[in-house]
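In the UniProt record's numbering, the protein residues as written are 1 to 323.
C-beta: ideal position from N, C-alpha, C; glycine also.
Bear in mind the structure is a predicted one, so any value in this text is a computation, not a measurement.
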Amino acid sequence: MQLLSNYLKHHNTDLELVELIDTLMIACKEIALQLREGALAGVLGTTEDTNVQGETQKKLDVISNDVLKKVLLDNPLVRGIASEEEDDPVFGNPDGRFLVTFDPLDGSSNIDINVSVGTIFSILEAPKDATEDSVDMFLQSGRKQLAAGYVLYGPSAVLVMSTGQGVNMFTLAHTGDFLLTREQVQIPVQTGEFAINMSNHRFWEEPMRNYIDDLLKGSDGPRGKNYNMRWIASMVAEVHRVLTRGGLFTYPWDSRDPSKPGKLRLMYEGNPMSLLIEQAGGISSTCYGDILDVEPDHIHQRVSVALGSKEEVEALLGYHCEC
Ligand code: P6P
Numbered sequence: 001m002q003l004l005s006n007y008l009k010h011h012n013t014d015l016e017l018v019e020l021i022d023t024l025m026i027a028c029k030e031i032a033l034q035l036r037e038g039a040l041a042g043v044l045g046t047t048e049d050t051n052v053q054g055e056t057q058k059k060l061d062v063i064s065n066d067v068l069k070k071v072l073l074d075n076p077l078v079r080g081i082a083s084e085e086e087d088d089p090v091f092g093n094p095d096g097r098f099l100v101t102f103d104p105l106d107g108s109s110n111i112d113i114n115v116s117v118g119t120i121f122s123i124l125e126a127p128k129d130a131t132e133d134s135v136d137m138f139l140q141s142g143r144k145q146l147a148a149g150y151v152l153y154g155p156s157a158v159l160v161m162s163t164g165q166g167v168n169m170f171t172l173a174h175t176g177d178f179l180l181t182r183e184q185v186q187i188p189v190q191t192g193e194f195a196i197n198m199s200n201h202r203f204w205e206e207p208m209r210n211y212i213d214d215l216l217k218g219s220d221g222p223r224g225k226n227y228n229m230r231w232i233a234s235m236v237a238e239v240h241r242v243l244t245r246g247g248l249f250t251y252p253w254d255s256r257d258p259s260k261p262g263k264l265r266l267m268y269e270g271n272p273m274s275l276l277i278e279q280a281g282g283i284s285s286t287c288y289g290d291i292l293d294v295e296p297d298h299i300h301q302r303v304s305v306a307l308g309s310k311e312e313v314e315a316l317l318g319y320h321c322e323c
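Here it is as structure tokens:
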């Protein structure tokens with residue numbers, strides 16, 4: 001089995017990018033250890049604080065964020081980081097080459113019930129002409145990502161990532177090494193499985209309601225087959241299922257807060273996951289265009305997400321187009 005860094009080097013990955021990914025994995029291994037300890041380490045439960053998203057922070061949200069922030073900013077390759085748990089970006093070496101955005105512990109509402117969570121990351125090039133620390137340098141579309149991925153802390157810890165040359169999976173061994181366990185992942189173009197939070201049905205746009213209602217009609221409906229449904233409330237676990245066996249995952253816009261385009265965050269959830277999905281032959285859309293084409297204007301900007309098996313996402317988009 002090939003080691004992560006050997007695999008990346010063998011496939012001509014930029015050596016500084018390899019070093020940065022290795023650094024990221026040092027942090028993720030520490031997070032995996034803290035999660036494994038759970039109640040034994042007194043790290044479950046919530047803090048008294050809320051983050052910029054207005055969400056109550058779990059102890060492990062803060063721990064994971066601090067581990068990633070310290071490990072990354074100690075590396076001179078890192079110009080700056082932006083985190084779901086930080087109001088503003090934090091800057092490191094002014095001559096650093098890379099920007100890293102991350103959701104340190106996605107799905108953390110699942111921690112206390114011992115269900116899978118994950119770290120999502122996205123790597124961008126710092127603009128060479130940037131003379132001062134500014135959030136603007138992060139505001140690049142998802143097409144500009146040099147690399148993106150996640151570490152899913154499940155029954156096993158699995159790194160799934162892409163540098164633009166396909167999607168590969170690496171499993172954390174007891175030795176502390178990430179070993180290649182699946183290469184050039186391709187999502188099945190058809191599926192019989194969808195994931196959405198059905199409790200929001202009455203708040204969706206009509207096209208989304210019509211599409212989901214047609215899925216529920218099964219073989220008697222226009223989709224002509226029966227579907228199964230999943231909802232884990234952890235995007236990393238949902239996307240991992242889609243990459244592994246196909247499916248459709250969507251968290252669409254809803255009218256509970258019409259000013260927000262969606263619940264999920266573009267820079268450290270939508271964009272990294274969309275790179276993986278597209279690299280694996282799927283589609284990742286706002287329902288009206290590719291997520292990777294969205295031009296960000298805020299570091300914590302939200303986005304509507306519908307991603308997964310190509311033919312199923314195309315069917316969903318058919319309900320949304322004016323055609
Ligand atoms: P809901 C987790 O908080 C998250 O950001 C995603 O990981 C997940 O898919 C979604 O929100 C769950 O949202 O409304 O079902 O709790």
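Short of 8 Å from the beta carbon of P127, and not among the five residues preceding or following it, lie these beta carbons of its own chain, in chain order: M137.
In the DSSP annotation of this structure, L124 is not part of any alpha helix (DSSP H); the continuous beta strand (DSSP E) holding it starts and ends at V117 to E125. Inter-residue distance for P94 and D74 is about 12 Å (C-alpha atoms, whole angstroms). Taking 7 Å as the cut-off, the Cβ atoms of G281 and I196 do not count as close.
When DSSP states are grouped into helix, strand and coil, A157 belongs to the strand group. By the neighbour-count criterion, in which 16 or more other beta carbons inside 10 Å mark a residue as buried, S284 falls on the buried side.
Within the same chain, Cβ atoms closer than 6 Å to the Cβ of Q2 are found at L180, the five residues on either side in sequence being excluded. T23 sits in a helix when the DSSP states are folded into three classes. Spanning the alpha carbons of I113 and E132 requires a straight line of approximately 43 Å. In terms of side-chain proximity, the C-beta atom of S64 is found no nearer than 6 Å to any non-hydrogen atom of ligand 1.
D49 is bridged by DSSP to nothing; it lacks a bridge partner. By alpha-carbon distance to A27, the top candidate from G262, V67 and K58 is V67. By the 16-neighbour rule on beta-carbons within 10 angstroms, M273 is buried. Annotation: E314 to Y150 spans about 25 Å, alpha carbon to alpha carbon. Taken through DSSP and simplified to helix, strand or coil, S259 comes out as coil.
When the five nearest sequence neighbours on each side are left out, the beta carbons in the same chain lying within less than 7 Å of the beta carbon of Q34 are those of A41, V43, L60 and I63, in order along the chain. The DSSP-derived three-state label of T286 is coil. Taking a C-beta distance under 7 Å as the contact criterion, K225 and S234 do not qualify as a contact pair. Sequence-distant Cβ neighbours of F91 in its own chain, meaning closer than 6 Å and more than five residues away, are G80 and D133.
In the three-state reduction of the DSSP assignment, P94 falls in the coil class, being assigned neither a helical nor a strand state. Between V135 and D87, the CB-CB gap reaches or exceeds 7 Å. Between ligand 1 and N51, a heavy atom-to-CB distance of less than 6 Å is absent.
Short note on N197: C-beta closer than 6 Å to some heavy atom of ligand 1. DSSP, reduced to helix, strand and coil, places G42 outside both helices and strands of the structure shown, so it counts as coil.
Judged by their CB atoms, Y227 and G192 are nearer to each other than the 7 Å cut-off.
Cβ atoms of E312 and Q190 come within 8 Å of each other, at about 7 Å. Shown here, V100 sits in a strand according to DSSP, grouped into three states.
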